[in-house]
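**Student:**
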Amino acid sequence: MRESYLPFSKPSIGEEEIAEVEETLRSGWITTGPRVQEFERAFAEAVGCRYALAVNSATAGLHLALLALDLKPGDEVITTPMTFASTVNAILLAGGTPVLADIDRTTFNIDPKAIKSVLSPRTKGLVPVHFAGLSCDMDALRTLASEHGLWVLEDAAHAIGTEYKGQKIGSRPSPWVVFSFHPTKNITTGEGGMVCTDDEELAEKIAVLRQNGMSKGAWNRYAATGTPHYDIVMLGLKYNMLDIEAAIGIHQLPKLERFLSRREEIVQRYKEAFSGLEGLILPKLAPYPARHSWHIFTPLVDIDRLDIDRDGFMSALKERNIGSALHYQALHLMSYYQKRFGWHRGLFPNAEYVSDRILSLPLFPEMTAADVEDVIEAVVAVCRQHLQARRTQ
Ligand SMILES: *Cc1c(COP(=O)(O)O)cnc(C)c1O
């Protein structure tokens, strides 16, 4: 058995990031300033959007993007139950009503057919999530949106580096794509997010909203060429990214390709080792061309063939010093939303099927070949042990 605990995720921070943070700290300017601007420019170029606006988390980015869309009370926004709470929270905080639509069992992404069944005259937009780094079927979603006059805000927290039919996620925002730089995501800034759009007016609105509704950022006010005056032109929030954070991002972005190919390599090894393994159901590819960014590797525990459930499986891995994580327990099973909206088990059978079985195995670029083999050994051992127990019952 492994001697030390292997976490399910770990950021890859190099000497370049450390040096840039140190330089930022010594520079006399640590909040939003030249490094944020540099990171925004580089990110916009990398994903192929016109405007990239850095914020202090993807949650903040989703909130601002939805605020900029001016939701009115009663406006409905459709999203998936297989996401992090911030997707639904942002809709609520921006004054909208979240409506869930079930996922499909191949990609674990929101199912366009399920969206059709919950459309109403109050539906204003869609917030698809590219689950695990596998793109949603954007052609189907865009067609549906244009038929019904809806906007699409992509929660691309998992999807830095993801492509759909040869196009990078972020390159066709309609109007928004929001990325996350949380430490578990494909690149990190500590905490942080990026809001991408091609719409100049909306981009300006975000720039103002993220700085308390101020007409001008602090960098402009305090710079040698700036003026001290500013106006408050709308009700905003304090969601700006720091230069200390952007200093990390500036050096993470050029490493993205390397990170993605290492993730891909590890996943290939997992798939090869687990193919045909009784007790585990492997993630599938999309029925359309899509480059998976493998933010997480999420097989399903085949609980119908084992004598333990998913939580038991995770504990058994932990006993073998292998970490794992849970992305996600479906949101309609969370008590707050159940009380507020009457959501309950039974509403979304596909999300429930996945939610009861899913786990995220360790996956990060700095995993060694030996780490990967340790995970494989532990997973195979847990499956074998718990299949046998059932057979001999
Ligand atoms: C991580 C995540 C978020 C939130 O990102 P933060 O940067 O941590 O706020 C939102 N949606 C999904 C799907 C995520 O995985």
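If you're matching positions, the sequence shown starts at 300 in the working numbering and goes up one per residue. Where is the CB? At the ideal position from N, CA and C, for every residue including glycine. All values derive from a computational prediction rather than experimental measurement.
Taking all protein chains shown into account, do 16 or more other C-beta atoms lie within 10 angstroms of the C-beta of P588, making it buried, or fewer, making it exposed?
**Tutor:** P588 is exposed by the Cβ-count criterion.
**Student:** Have a look at A439 and V532 and give me their C-alpha separation to the nearest angstrom.
**Tutor:** Those two C-alpha atoms are separated by around 38 Å.
**Student:** Would you mind stating whether A400 and I390 have Cβ atoms separated by less than 8 Å?
**Tutor:** No, these two residues do not count as a Cβ contact at 8 Å.
**Student:** Three or more beta-carbon pairs under 8 Å between the stretch 577-585 and the stretch 499-514, yes or no?
**Tutor:** The answer is no - the stretch 499-514 does not touch the stretch 577-585, with fewer than three Cβ pairs under 8 Å.
**Student:** Nearest CA to the CA of L433: which residue from R683, T406, Q637, V451?
**Tutor:** It is T406.
**Student:** Can you grab the Cα-Cα spacing for the pair E453 / V428, in whole Å?
**Tutor:** Cα-Cα distance, rounded: 6 Å.
**Student:** How many Å lie between L658 and T386 at the Cα?
**Tutor:** Roughly 20 Å separates the two Cα atoms.
**Student:** Could you check the C-alpha separation between Y636 and A458 for me, to the nearest Å?
**Tutor:** So the two alpha carbons sit approximately 26 Å from each other.
**Student:** Leaving out five residues on either side along the sequence, give the residues of the same chain with a beta carbon under 7 Å from the beta carbon of R441.
**Tutor:** Excluding positions up to five away in sequence, the list reads V451, S473.
**Student:** Assess, as a yes-or-no matter, whether the stretch 333-345 is touched by the stretch 535-554 under the definition of 3 or more beta carbon pairs within less than 8 Å.
**Tutor:** Yes, since at least three Cβ pairs between the stretch 535-554 and the stretch 333-345 fall closer than 8 Å, the two stretches touch.
**Student:** If you check the beta carbons only, do V398 and V426 fall under 8 Å apart?
**Tutor:** Not closer than 8 Å, so no.
**Student:** Inspect the CB distances between the stretch 616-628 and the stretch 300-311 and report whether three or more fall short of 8 Å.
**Tutor:** Contact holds: three or more Cβ-Cβ distances are below 8 Å.
**Student:** Just checking V494 against ligand 1 - is the residue's beta carbon closer than 7 Å to any of the ligand's heavy atoms?
**Tutor:** Not so, every heavy atom of ligand 1 lies at least 7 Å from the Cβ.
**Student:** Classify T379 as buried or exposed, calling it buried when 16 or more other Cβ atoms lie within 10 Å of its own Cβ.
**Tutor:** When all chains shown are included, T379 counts as buried.
**Student:** The alpha helix (DSSP H) that contains K554, what's its start and end?
**Tutor:** Careful: K554 lies outside any alpha helix (DSSP H) and carries neither H nor E.
**Student:** Kindly indicate which three-state DSSP category Q466 falls into: helix, strand or coil?
**Tutor:** Strand at Q466.
**Student:** With a threshold of 8 Å between beta carbons, is I329 in contact with chain D?
**Tutor:** This model lacks chain D altogether, as it is built from one protein chain only.
**Student:** Exposed or buried, what is R590 when buried is set at 16 or more other beta-carbons lying within 10 Å of its beta-carbon?
**Tutor:** Its Cβ being crowded by 16 or more others within 10 Å, R590 is buried.
**Student:** Between which residues of its own chain and I414 is the CB-CB distance below 7 Å, once the five residues before and five after are set aside?
**Tutor:** Correct list, in chain order: I377, A400, L425, L443.
**Student:** For the stretch 610-661, list the alpha helix (DSSP H) runs that are entirely contained and at least 4 residues long, ordered along the chain.
**Tutor:** 634-640, 648-656, all fully within the stretch 610-661.
**Student:** What does the Cβ neighbour count give for Q567, buried or exposed, with the cut at 16 atoms within 10 Å?
**Tutor:** Q567 comes out exposed.
**Student:** Return yes when the C-beta of T597 is under 7 Å from any heavy atom of ligand 1, and no when it is not.
**Tutor:** False, no ligand heavy atom lies under 7 Å from that Cβ.
**Student:** Distance, Cα to Cα, A318 vs E665?
**Tutor:** A318 and E665: Cα-Cα distance of roughly 20 Å.
**Student:** Determine the contact status of A456 and S479, defining contact as a CB-CB distance below 8 Å.
**Tutor:** Taking 8 Å as the Cβ cut-off, A456 and S479 qualify as a contacting pair.
**Student:** Can you tell me which of D610, Q466, L616, L599 puts its alpha carbon nearest to the alpha carbon of Y652?
**Tutor:** Checking every option, the nearest Cα to that of Y652 belongs to L599.
**Student:** Give the DSSP bridge partners of P474, in chain order.
**Tutor:** Paired residues: V451.
**Student:** Looking at L508 and L363, is the spacing between their C-beta atoms short of 8 Å?
**Tutor:** The answer is yes: Cβ separation under 8 Å.
**Student:** When burial is assigned at 16 or more other CB atoms within 10 Å of the CB, is K484 buried or exposed?
**Tutor:** Answer is buried; the Cβ neighbour count reaches 16.
**Student:** For L686 and Q466, I'd like the C-alpha separation in whole angstroms.
**Tutor:** Approximately 43 Å, taken between the alpha carbons.
**Student:** In the stretch 482-532, which residue ranges form an unbroken alpha helix (DSSP H) of at least 4 residues, counting only runs that do not cross its ends?
**Tutor:** You should have 499-508, 517-521.
**Student:** Excluding sequence positions up to five away, which residues of its chain have a Cβ less than 6 Å from the Cβ of A351?
**Tutor:** Counting only Cβ-Cβ distances below 6 Å, and skipping sequence neighbours, we find E339, F342, A343, M493, C495.
**Student:** Find the nearest neighbour of A668 within the set M633, E564, T382, judged by alpha-carbon distance.
**Tutor:** Of the listed residues, the one whose Cα sits closest to A668 is E564.
**Student:** Throw me the rounded Cβ distance for the V477 and G394 pair, which I believe falls under 8 Å.
**Tutor:** Rounded, the Cβ-Cβ distance is 18 Å, inconsistent with contact.
**Student:** So, using beta-carbon positions, are L616 and A677 closer together than 8 Å?
**Tutor:** Result yes, Cβ atoms of L616 and A677 sit closer than 8 Å.
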